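Worksheet: one structure, shown below.
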Amino acid sequence: MTGSTRSSGGLDDRRKRLLFRCWHRGTREMDLILGRFADKEIAALTDGELAELEHLIEVPDPDLYAALTGERPLAAEDAVPLFARIKAFRAEDCDA
7 MTGSTRSSGG
17 LDDRRKRLLF
27 RCWHRGTREM
37 DLILGRFADK
47 EIAALTDGEL
57 AELEHLIEVP
67 DPDLYAALTG
77 ERPLAAEDAV
87 PLFARIKAFR
97 AEDCDA
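Numbering (the working numbering), first residue to last: 7 to 102.
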């Protein structure tokens, strides 16, 4: 998979912006992890979860990737509840 499989049609501007940013992180590994998660979940995220995603996309790629792969823990201030969902999604996605 090389890009989004979800159209941004029907999404509000905030969700469109987040979907784009999840697919354009800077490293391909993070594009695939966050982009796939966003493709599947962006329409259903609550306002609070959108805020958490906005926070997580500001975490530098090496730090977020290391936390998602279990190499090292995420900094406490970045460990928002949505992180656990993304990590679980990544594990499921890798198993598929």
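A virtual CB, placed ideally from N, CA and C, is assigned to each residue, including glycine. All of these numbers come straight from a predicted model, not from anything done at the bench.
Is residue 81 helix, strand or coil when you go by DSSP? In the sequence shown, counting from the first residue as 1, residue 81 sits at position 75. If DSSP states are grouped into helix, strand and coil, residue 81 belongs with coil.
Measuring CB atoms only, is the stretch 36 to 56 touching the stretch 67 to 74, in the sense that at least three cross pairs come out at less than 8 Å? Counting Cβ pairs under 8 Å, three or more are found: they touch.
Pick from 51, 16 and 60: whose alpha carbon is nearest that of residue 28? Looking up residue 28 in the sequence shown gives position 22. Closest in C-alpha terms to residue 28, from the list 51, 16 and 60, comes 60.
For residue 68, does the three-state DSSP call read helix, strand or coil? Start at 1 with the first residue of the sequence shown, and residue 68 comes out as number 62. Helix.
Contacts around residue 32, its chain only, beta-carbon distance under 8 Å, and the 5 residues preceding and following it disregarded: Taking the first residue of the sequence shown as 1, we reach residue 32 at position 26. Around residue 32: 67.
Supposed close pair residue 65, residue 53 - CB separation, criterion 8 Å: Along the sequence shown, one-based indexing puts residue 65 at 59. Along the sequence shown, one-based indexing puts residue 53 at 47. With a beta-carbon spacing of about 20 Å, residue 65 and residue 53 fall beyond the 8 Å limit used to define contacts.
When every heavy atom of the ligand MG is checked, does at least one fall within less than 8 Å of the C-beta of residue 27? The ligand MG is not part of the structure shown, which contains no ligands of any sort.
Nonlocal neighbours in the same chain, by C-beta distance under 6 Å from residue 48, ignoring five residues either side: Here residue 48 refers to the residue found at position 42 of the sequence shown. Correct list, in chain order: 21 and 25.
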